[in-house]
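Participant: Below are the structure tokens for one structure; questions will follow.
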Amino acid sequence: MDSNTEGTLALQTDEAMALDKQAQEDVSDRLVTLSDKLNICNQLLKDLKELSDILVRKSLQDVTLPQQE
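Okay, structure coming up:
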């Protein structure tokens with residue numbers, strides 16, 4: 001191989017490594033975003049569960065308490 005070909009291959013390898021590094025950073029960023037969104041969803045699920053529990057307790061209270069007229 002001549003030095004020009006070796007230089008071209010080295011440049012292609014460097015470009016490929018840079019693209020691979022960028023792809024890894026993109027995936028990492030997406031994972032962080034996904035993790036943040038999952039945390040938000042988990043918090044919303046907990047909040048909805050708490051609200052559901054409150055509504056069930058309220059409903060049970062309404063059933064067990066005599067109605068006042």
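Residue numbers (UniProt numbering): 1 to 69.
Positions of the beta carbon are idealized from the N, C-alpha and C atoms, including for glycine.
Please read all numbers here as calculations on a predicted model, not as lab measurements.
1) Please list, in chain order, all residues of the same chain as Glu25 whose beta carbon is under 7 Å from its beta carbon, the five residues on each side excluded.
2) Quick check: what's the CA-CA separation for Ser52 versus Lys46?
3) At which residue ranges does the stretch 10-34 contain complete alpha helix (DSSP H) runs of 4 or more residues, listed in the order of the chain?
4) Quick check: the Cα distance between Gln12 and Gln22, rounded to an integer number of angstroms?
Facilitator: Taking the geometry as given:
1) Closer than 7 Å at the Cβ level, and outside the excluded window around Glu25, lies no residue.
2) In a straight line, the C-alpha of Ser52 is about 10 Å away from that of Lys46.
3) DSSP runs (the alpha helix (DSSP H)) wholly in the stretch 10-34: none.
4) If you take the alpha carbons of Gln12 and Gln22, they lie about 15 Å apart.
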